[in-house]
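Worksheet for the structure shown next.
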Amino acid sequence: MIMKKITFILSALIIATLMSCNTESVMEEETQATKLDPNFRVSASSINRALQRASLDEPCMSTNLIAGQNHIAGTVSVDNDGVNLIITYATNEDWTIDLTHFSIGNCDEQWVPTTGSGNPKIGQFEHTEPHSTGTNEVVYMISLDALSEAYCFAAHAEVQGPTGGETAWAEGPGFDGNSWAMYVEAFLSDCVVDGEVEPTK
12 MIMKKITFIL SALIIATLMS CNTESVMEEE TQATKLDPNF RVSASSINRA
62 LQRASLDEPC MSTNLIAGQN HIAGTVSVDN DGVNLIITYA TNEDWTIDLT
112 HFSIGNCDEQ WVPTTGSGNP KIGQFEHTEP HSTGTNEVVY MISLDALSEA
162 YCFAAHAEVQ GPTGGETAWA EGPGFDGNSW AMYVEAFLSD CVVDGEVEPT
212 K
């Protein structure tokens with residue numbers, strides 16, 4: 012009887028130790044994942060506009076955020092503070108953002124994860140962020156050093172609006188697949204900080 016109790020206690024201690032190690036391992040992986048891309052930051056609140064172009068009245072580029080294929084839920088705009096490319100999701104007053112997925116690259120064939128048929132794999136986008144209830148603006152900041160002159164990005168969101176929950180995309184050309192997913196093509200030189208020499212990449 013005593014041996015059974017000792018065996019049970021030892022088994023419980025071993026299981027507890029293993030579970031503790033696994034939890035620490037998962038936490039370490041999550042912490043490492045946040046450090047994998049030092050060229051990228053995201054914020055769910057407005058950034059200091061003074062950090063952007065000195066002459067900023069409007070973003071240097073803007074496109075509609077299309078929800079459910081038929082609704083303009085807001086805009087996705089592009090700007091530049093001389094250090095970072097700034098991508099801002101901003102919804103109209105009737106819409107809010109629950110989750111964003113974002114992928115950016117140099118427009119080559121591998122810049123965004125896609126299926127064999129050409130549809131984007133949203134769940135595998137490099138950047139995914141959940142947002143608190145009532146979020147109307149999300150800002151992604153990507154180091155200019157990590158980008159080439161020609162770049163493409165796919166800005167996807169899960170939004171809430173008058174029609175309920177919808178999926179939304181920054182308006183642009185469609186992907187090769189049979190979905191209505193879209194992406195945006197742009198050039199860094201389209202968005203130059205005052206006094207800055209245009210990129211030569």
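For the sequence shown, the numbering used here gives the first residue as 12, with consecutive numbering after it.
The C-beta atom is built at its ideal place from N, Cα and C for all residues, glycine as well.
Owing to the predicted nature of the structure, the values given are computational and were not obtained by experimental measurement.
Between the C-alpha atoms of residue i and residue j, what's the straight-line distance to the nearest angstrom?
i       : j       : result
Asn-189 : Thr-126 : 11 Å
Ala-84  : Ala-168 : 10 Å
Leu-199 : Gly-175 : 36 Å
Trp-122 : Gly-116 : 5 Å
Asp-105 : His-138 : 25 Å
Met-72  : Ser-88  : 6 Å
Gly-183 : Leu-76  : 10 Å
Ala-179 : Met-152 : 20 Å
Apply the 10 Å Cβ neighbour rule to residue i and answer buried if 16 or more other Cβ atoms are within range, or exposed otherwise.
i       : result
Gln-171 : buried
Ala-192 : buried
Glu-120 : exposed
Val-94  : exposed
Gly-185 : exposed
Ser-159 : exposed
Ser-177 : Correcting the residue type first, residue 177 is Glu in the shown sequence and not Ser. Counting Cβ neighbours within 10 Å, Glu-177 comes out buried, since at least 16 surround it.
If distances are taken between C-alpha atoms only, which option among the options comes closest to residue i?
i       : options                            : result
Gly-134 : Gly-175, Ala-166, Pro-70           : Ala-166
Pro-70  : Asn-91, Val-195, His-82            : Asn-91
His-82  : Glu-140, Ser-88, Asn-103, Val-150  : Asn-103
Ala-161 : Ser-154, Ala-181, Pro-141, Ala-197 : Ala-197
Thr-99  : Leu-110, Thr-86, Thr-107, Gln-80   : Thr-86
Leu-155 : Gly-79, Ile-97, Thr-74, Ala-78     : Ile-97
Phe-113 : Ala-101, Pro-124, Phe-136, Thr-107 : Phe-136
- Query: Is the stretch 144 to 151 close to the stretch 122 to 132, with three or more CB pairs under 8 Å?
  - Reply: The stretch 144 to 151 is not in contact with the stretch 122 to 132.
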